[in-house]
Ligand code: HEM
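Residue numbers (my numbering), protein chains in the order written: chain A, 150 to 373; chain B, 205 to 461.
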């Protein structure tokens with residue numbers, strides 16, 4: 150039955166070559182922890198991706214309750230945390246995931262760095278990777294404000310004051326992020342929300358696609 | 205791809221009518237013990253993934269994510285602190301060479317050099333050798349950067365009393381009760397209790413009096429004899445006034461239900 154459905158679809162849109170392109174690639178012996186235990190260092194990239202998926206899914210569920218305005222943001226998070234069934238777990242996954250992803254990212258970067266895996270021909274993928282790191286830090290910075298509690302508010306205020314001290318464009322930069330040259334308030338929260346759930350994830354998906362396509366094109370670096 | 209004469213298509217589309225076999229490649233000719241990602245490797249890898257997930261969920265269950273009081277921009281006493289992975293940048297700004305007149309050092313030059321070098325690492329470390337001992341400069345720079353980041357993070361985190369912070373900033377549910385200041389018991393509350401239990405019974409030095417579970421008699425006893433760290437004789441007045449006070453607290457609790 151499933152085979153029939155597959156054949157019916159394949160007949161019309163020829164999915165087999167696409168699927169084989171995705172599924173067929175080799176896992177060389179030196180990156181396979183089943184053969185060499187020390188190859189677990191090659192898992193950090195995959196684990197980063199795994200946590201990114203957790204972040205996306207838990208974040209999607211969070212937006213079902215979260216309200217991005219200064220009157221209700223904190224209340225909606227408090228409600229989610231105390232009243233909603235499993236709300237605490239979903240928020241917990243997103244909260245701890247944000248830290249775990251930074252740790253995994255760091256381990257992955259160090260693996261690539263100390264193995265010299267960024268050398269020719271993988272320079273571009275390394276730069277894509279560093280940009281991914283910046284995007285993840287940006288997600289952390291903007292997400293920190295969203296619960297609108299004291300630690301969120303005052304940390305963001307400090308962050309924006311630092312941005313303001315950048316020469317020449319400081320004030321414009323702060324206004325761009327905060328929505329106002331001096332107030333950290335309603336505008337700031339909606340801007341950070343938009344950046345956190347639309348702008349940065351869009352950048353993240355684009356960079357991830359580039360990262361993975363490049364890995365597939367070049368193959369994983371050989372043994373040292 | 206197949207080209208040329210004699211190709212058959214599905215209808216008027218460009219889909220080839222010829223079926224391609226949907227089978228994995230054969231990796232037996234590849235060096236070493238190479239195996240297919242799908243399905244061989246993934247069948248093992250999802251197990252490792254599950255272990256990771258279980259560990260992650262245990263962390264989540266054991267430590268509910270923190271939430272402090274709702275943001276209060278007028279709270280001048282609050283000491284701001286970023287999330288842990290920004291602490292090193294925050295700590296850097298406390299050094300004299302990176303703050304005040306040299307703030308540009310702290311916010312642009314040093315982080316810019318470090319992250320710029322990270323971004324351009326493949327072009328700064330161009331030799332063909334990949335092993336760490338073949339590129340001592342790059343490895344030394346990375347170790348230096350790592351140690352600095354760990355040291356700065358440690359310096360910053362070690363000076364924070366995390367328990368005290370969490371205790372002082374516990375979330376308070378928003379009160380939706382309206383305090384009836386006309387109530388005869390309110391004036392008595394204002395005199396005897398408000399300084400510790402707050403204008404809306406939300407609690408300040410003492411705990412909140414909304415959502416408590418005491419009988420009127422127990423409340424009267426607490427008001428005169430104290431309880432826990434609350435000293436006795438907070439209320440000193442006539443029995444009639446005590447009745448009014450208790451009735452006031454009960455009425456707020458009734459309304460909050
Ligand atoms: C969301 C972030 C990221 C994800 C999901 C990710 C994922 C991956 C995966 C799955 C691999 C395959 C090999 C492995 O798992 O170790 C890989 C390889 C690679 N990554 Fe990342 N990565 C991320 C961020 C980064 C960062 C921050 C860097 C560097 C600064 C980086 C640089 C590289 C390079 C150069 C390779 C090729 C290494 C080789 O061929 O040995 N990636 N990445």
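Note that the Cβ used here is the ideal one computed from N, Cα and C, for glycine as well.
Return the residues of the region 232 to 245 of chain A that lie within a Cβ-Cβ distance of less than 7 Å from chain B, sorted by chain order. 237, 238, 240, 241, 242, 244 and 245
Going by the C-beta, is residue 269 (chain B) closer than 7 Å to any heavy atom of the ligand HEM? A distance criterion of 7 Å places the beta-carbon of residue 269 (chain B) beyond contact range of the ligand HEM, judged by its closest non-hydrogen atom.
If you scan the region 151 to 188 of chain A from start to end, which runs of the alpha helix (DSSP H) of 4 or more residues do you find wholly inside it? 151 to 162 and 164 to 172
Contact the region 398 to 406 of chain B vs the region 368 to 388 of chain B: 3+ CB pairs below 8 Å: yes
Report yes or no: is there a C-beta of chain A within less than 8 Å of the C-beta of residue 308 (chain B)? Cβ-Cβ to chain A under 8 Å: yes for residue 308 (chain B).
Taking a contact to mean a Cβ-Cβ separation below 8 Å, would you say residue 150 (chain A) touches residue 200 (chain A) in this structure? The Cβ atoms of residue 150 (chain A) and residue 200 (chain A) lie no closer than 8 Å to each other.
Interface residues of chain A around residue 301 (chain B) at Cβ under 8 Å? By Cβ distance, chain A contributes nothing, its closest Cβ being about 15 Å from residue 301 (chain B), past 8 Å.
Once you ignore the five residues that flank residue 342 (chain A) on each side, which residues in its own chain have a CB closer than 7 Å to its CB? So the qualifying residues of the chain are 217 and 295.
Is it the case that the CB of residue 267 (chain A) approaches a heavy atom of the ligand HEM more closely than 7 Å? yes
Roughly how many whole angstroms lie between the Cα atoms of residue 311 (chain A) and residue 329 (chain B)? 32 Å
Buried versus exposed, by CB contacts within 10 Å (16 or more), residue 337 (chain A): By the beta-carbon neighbour count (other beta carbons within 10 angstroms, threshold 16), residue 337 (chain A) is buried.
For residue 240 (chain B), write down the residues that DSSP places opposite it in a beta bridge. Listed as beta-bridge partners of residue 240 (chain B) by DSSP are A:175.
Reduced DSSP category for residue 354 (chain B) - H, G, I as helix; E, B as strand; rest coil: helix
May I have the straight-line CA-CA distance separating residue 428 (chain B) from residue 420 (chain B), to the nearest angstrom? 13 Å
Find out if the Cβ-Cβ distance for the pair residue 291 (chain B), residue 360 (chain B) is shorter than 8 Å. Going by C-beta atoms, residue 291 (chain B) is nearer than 8 Å to residue 360 (chain B).
I need the straight-line Cα distance from residue 364 (chain A) to residue 218 (chain B), nearest angstrom please. 30 Å
Hey, is residue 238 (chain B) close to the ligand HEM, as in C-beta under 7 Å from one of its heavy atoms? no
Please name the residues in the region 273 to 291 of chain B whose beta-carbon is closer than 9 Å to at least one beta-carbon of chain A, in chain order. 273, 274, 275, 276, 277, 279, 282, 283, 284, 285, 286, 287, 288, 289 and 290
Ignore the nearest five residues each way along the sequence and tell me which others in residue 337 (chain B)'s own chain have a CB closer than 6 Å to its CB. none
May I have the straight-line CA-CA distance separating residue 339 (chain A) from residue 223 (chain A), to the nearest angstrom? 13 Å
Extract the residue ranges of the alpha helix (DSSP H) inside the region 384 to 445 of chain B, only unbroken runs of 4 or more that lie entirely within it. Scanning the region 384 to 445 of chain B for uninterrupted alpha helix (DSSP H) segments of 4 residues or longer gives 388 to 396, 398 to 401 and 420 to 429, listed from N- to C-terminal end.
Could you name each continuous alpha helix (DSSP H) segment of 4 residues or more that falls completely within the region 256 to 327 of chain A, going from the start of the chain to the end? 272 to 294, 299 to 313 and 319 to 327
Roughly how many whole angstroms lie between the Cα atoms of residue 156 (chain A) and residue 216 (chain B)? 18 Å
According to DSSP, residues forming a beta bridge with residue 220 (chain B): B:213
Indicate, with yes or no, if the ligand HEM has a heavy atom lying under 7 Å from the CB of residue 275 (chain A). yes
Please classify residue 459 (chain B) as buried or exposed, where buried requires at least 16 neighbouring CB atoms within 10 angstroms. exposed
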